[in-house]
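A.B. asks:
In my numbering, the protein residues as written are 99 to 212.
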């Protein structure tokens, strides 16, 4: 086997191994409570999750859930004729209010333990 074929095969194997470890939205939702309790993700005022500590799957959990949240916010915005940024801010405010003590919220650019 020539070097080019070996390199292509090796690269393909690496790509496949990453996809095995990738989370889907359902898995991210299942891990969210644990990630919040561990203090690695928290609620931001803009209605989205933020990464408090970049450990484990924190970034991937936040990204997947934020994508789903954005889709939902866009739907609410369109149906209610309310600007998207207002829907996001309202959702962020509610999420931060509901955040239990000991978990993180982001206020004025700083992560605070509630």
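Think of the CB as a built atom: it goes at the ideal place given N, C-alpha and C, for glycine as much as any other residue.
Just so you know, these numbers come straight off a predicted model, no measurement behind them.
Would you kindly report the start and end of the unbroken beta strand (DSSP E) that includes residue 139?
C.D. replies: Counting from one through the chain shown, the residue named residue 139 turns up at place 41. Per DSSP, residue 139 belongs to the beta strand (DSSP E) from 139 to 142.
A.B. asks: Residue 143 and residue 208 - do their beta-carbons sit closer together than 8 Å?
C.D. replies: As a working mapping, residue 208 is identified with position 110 in the chain shown. As a working mapping, residue 143 is identified with position 45 in the chain shown. For residue 208 and residue 143, no; Cβs fall outside 8 Å.
A.B. asks: Could you have a look at residue 148 and say whether DSSP puts it in helix, strand or coil?
C.D. replies: For the purposes of this step, residue 148 is identified with residue 50 of the chain shown, where counting begins at 1. Of the three classes helix, strand and coil, the one that applies to residue 148 here is strand, per DSSP.
A.B. asks: For the beta strand (DSSP E) that contains residue 204, what are its first and last residues?
C.D. replies: Within the chain shown, numbered from 1, the residue matching residue 204 stands at position 106. Start and end: 202 to 205.
A.B. asks: Which of helix, strand or coil does DSSP assign to residue 211?
C.D. replies: Reading the chain shown from its first residue, position 113 is the one you call residue 211. DSSP places residue 211 in strand when its eight states are reduced to three.
A.B. asks: From residue 182 to residue 172, what distance separates their C-alpha atoms?
C.D. replies: Position 84 of the chain shown, counting from 1, holds the residue named residue 182. Position 74 of the chain shown, counting from 1, holds the residue named residue 172. Cα to Cα, the separation comes out at about 6 Å.
A.B. asks: Mind listing, in chain order, the continuous beta strand (DSSP E) runs of no fewer than 3 residues lying wholly within the region 148 to 178?
C.D. replies: Whole beta strand (DSSP E) segments, 3+ residues: zero.
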